[in-house]
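Numbering (this note's numbering), first residue to last: 583 to 1149.
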Ligand code: ATP
Ligand code: MG
């Protein structure tokens, strides 16, 4: 059904969680002869890593059980929904490796049916039009210790309710004037059953139904019935909806629905150093704290994609954390490790210098160019080798040299010798400073007997290897170094304003970085390791004459270390 099902990655390892156990039992007992699940996003924002958990669960079940998973847009709130979001959501799910086939649905396609069912409830004496305002309704709802108060309109005769509801539909009333409510029990211990609102008046243009409706069904009245219409067998949602389940079931029991789906709740994904509320993500975008929904610092699927996270790593992460009934907060380092694991396997190795310092090899012929063979990946022999030009002038990382290095520093310093990866051993003979005392050039000699980086016949040893880029052949690039968007582990806590904890160093732009020529070919999304530095990928902003790379993740979890040191 999708490439997520046939990859040989961890997501095919089925660790049975409580939902899969329920499904197994339902199939064994003959209650169902297959599974139908759904992923029901509201098109009011871009998908984020939390949605990925739900996507992997719902589409994963379809793949494992040979069932289907519907993509259904829960588009009942026209004021916040947009086509842009409908499109991005589809792109993101596909990119994650899942496919809904022909099963693309919109809750708005059921508006006629839902309207009929609302009338059905009115006829049965199970719904009434309430003239109270939203505030009055809220005030009369009671609380956990006190029962609610019946609306003065609760006993409206059926005929009057029908007429009033029709007037609501026909546009005779302005927004908020009246609502349709279910007539259940104002003293019910579960507040969701205290005559919940089914329809509200909203004179708003809908992205699909246009101006056909000025009344819109509430989420609770829409969701379960949409499941029933689509013959969903297991309707999987997050724990906040546990208290809504009795209402979900009440509608199914009191309406002539074509099937009886079962709602099952699981814990949502929470990550430290991250906000996941769509409202807050929208605020980050609209107030320009980030450069759009796909800013590589965002926890959105499109942001992670742009940053270079492979979809497989996201699926592996979701499989790893599993499905439980208990809310927990996961360490974002787990996600980053899942990314490293896939990138280590898949990324081609390349040489890039982000903070360059010039090396001049004084005994190397001025015009000579050698092509040295460098392997593309130590993890994958089939990736082969490439030829990298080497000549008299090179770039290396500034921090691979120290003017006065301690003993344990195995890179360059005056009189010290190191291996230049796959090329030669070079010895630093001298260095040049500018007027400000900044070292600008290293003067080195090379040993022709160390060709390919091999040890010389005299048995001399070196401990360090540095990477390099030929100055004459280097291509310049901008490199964007990302760090966590928030500098507080729990930016989303009610106790604080998440905007106060934006990490001021979440983006560092380096210009004038020096890349080996092969990197001119890098495509966005193609994983690359800059040797000794980290994993990177070309940004979509990258142009032939102005390359831009994003750092996906460092080689190691430097954050964990920094935190331990208290830094
Ligand atoms: P909203 O507050 O706008 O309703 P939402 O995060 O619930 O936000 P939806 O578009 O309604 O957004 O979510 C679609 C599906 O994704 C739902 O089934 C929801 O339960 C699931 N989902 C959303 N966030 C998470 C999360 N953090 N972890 C797991 N599942 C999630
Ligand atoms: Mg929701």
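A virtual CB, placed ideally from N, CA and C, is assigned to each residue, including glycine.
Check the C-beta distance from residue i over to residue j and give it rounded, since I have them as a contact under 8 Å.
i: residue 774; j: residue 829; result: 5 Å
i: residue 901; j: residue 638; result: 7 Å
i: residue 1061; j: residue 1092; result: 5 Å
i: residue 971; j: residue 892; result: The Cβ separation is near 30 Å, so there is no contact.
i: residue 653; j: residue 626; result: With 8 Å as the limit, residue 653 and residue 626 do not qualify as a contact, their Cβ atoms being about 16 Å apart.
i: residue 762; j: residue 709; result: 6 Å
i: residue 1046; j: residue 993; result: 5 Å
i: residue 941; j: residue 976; result: 4 Å
i: residue 675; j: residue 647; result: With a Cβ gap of about 19 Å, residue 675 and residue 647 do not count as contacting.
i: residue 696; j: residue 804; result: 6 Å
i: residue 776; j: residue 800; result: Going by Cβ atoms, the distance from residue 776 to residue 800 rounds to 14 Å, so no, they are not a contact pair.
i: residue 798; j: residue 660; result: 7 Å
What is the DSSP secondary structure of residue i, reduced to helix, strand or coil?
i: residue 588; result: Per-residue confidence for residue 588 stands at a pLDDT of 42, beneath the threshold of 50, marking its modelled position as unreliable; no derived number is given.
i: residue 638; result: helix
i: residue 780; result: strand
i: residue 906; result: coil
i: residue 1133; result: strand
i: residue 605; result: helix
i: residue 1103; result: helix
i: residue 643; result: helix
i: residue 593; result: At residue 593, the pLDDT of 46 sits below 50, so the modelled position is not reliable; the number obtained from the coordinates is stated separately. Residue 593 falls in the helix class under three-state DSSP.
i: residue 648; result: coil
i: residue 850; result: coil
i: residue 971; result: strand
i: residue 1076; result: coil
i: residue 1090; result: strand
i: residue 1033; result: helix
i: residue 1058; result: strand
i: residue 545; result: This structure does not reach residue 545, given that the chain is present from 583 up to 1149, and the question cannot be answered.
According to DSSP, which residues form a beta bridge with residue i?
i: residue 976; result: 941 and 1052
i: residue 1023; result: 940 and 1014
i: residue 654; result: 687
i: residue 1125; result: 1128
i: residue 1047; result: 1001
i: residue 769; result: Per DSSP, none; premise fails for residue 769.
i: residue 1120; result: 1106 and 1131
i: residue 983; result: 994
i: residue 1151; result: Only positions 583 to 1149 of the chain appear in this structure, which leaves residue 1151 out of reach.
i: residue 957; result: 967
i: residue 1009; result: 999 and 1027
By the 10 Å Cβ neighbour count, where 16 or more other Cβ atoms means buried, how is residue i classified, buried or exposed?
i: residue 600; result: exposed
i: residue 794; result: exposed
i: residue 769; result: exposed
i: residue 908; result: exposed
i: residue 806; result: buried
i: residue 815; result: buried
i: residue 584; result: Per-residue confidence for residue 584 stands at a pLDDT of 43, beneath the threshold of 50, marking its modelled position as unreliable; the derived number appears in the next sentence. The residue in question, residue 584, is buried, as its Cβ has 16 or more Cβ neighbours within 10 Å.
i: residue 945; result: exposed
i: residue 643; result: buried
i: residue 1105; result: exposed
i: residue 1119; result: buried
i: residue 579; result: Residue 579 lies beyond the residue range present for the chain, which begins at 583 and ends at 1149; the question has no answer from this structure.
i: residue 665; result: exposed
i: residue 616; result: exposed
i: residue 720; result: exposed
i: residue 591; result: Caution applies to residue 591, whose pLDDT of 45 falls short of 50 and renders its modelled position unreliable; the value that the coordinates give is listed next. It is buried - the Cβ of residue 591 has at least 16 other Cβ atoms within 10 Å.
i: residue 967; result: exposed
i: residue 679; result: buried
i: residue 726; result: exposed
i: residue 785; result: exposed
Below 7 Å, is the gap between the Cβ of residue i and the nearest heavy atom of ligand 3?
i: residue 636; result: In the structure shown, ligand 3 is absent; the only ligands present are ligand 1 and ligand 2.
Subject >> Any alpha helix (DSSP H) of 4 or more consecutive residues that is wholly inside the region 662 to 736 >> reply: The region 662 to 736 contains these whole alpha helix (DSSP H) runs: 665 to 678, 693 to 705 and 716 to 721.
Original post:
Which ranges does the alpha helix (DSSP H) cover as unbroken runs of at least 4 residues, wholly within the region 772 to 847, from first to last along the chain?
Top reply: 801 to 811 and 827 to 836
Subject >> alpha helix (DSSP H) segments (min. 4 residues) lying fully within the region 858 to 902 >> reply: 860 to 868 and 883 to 889
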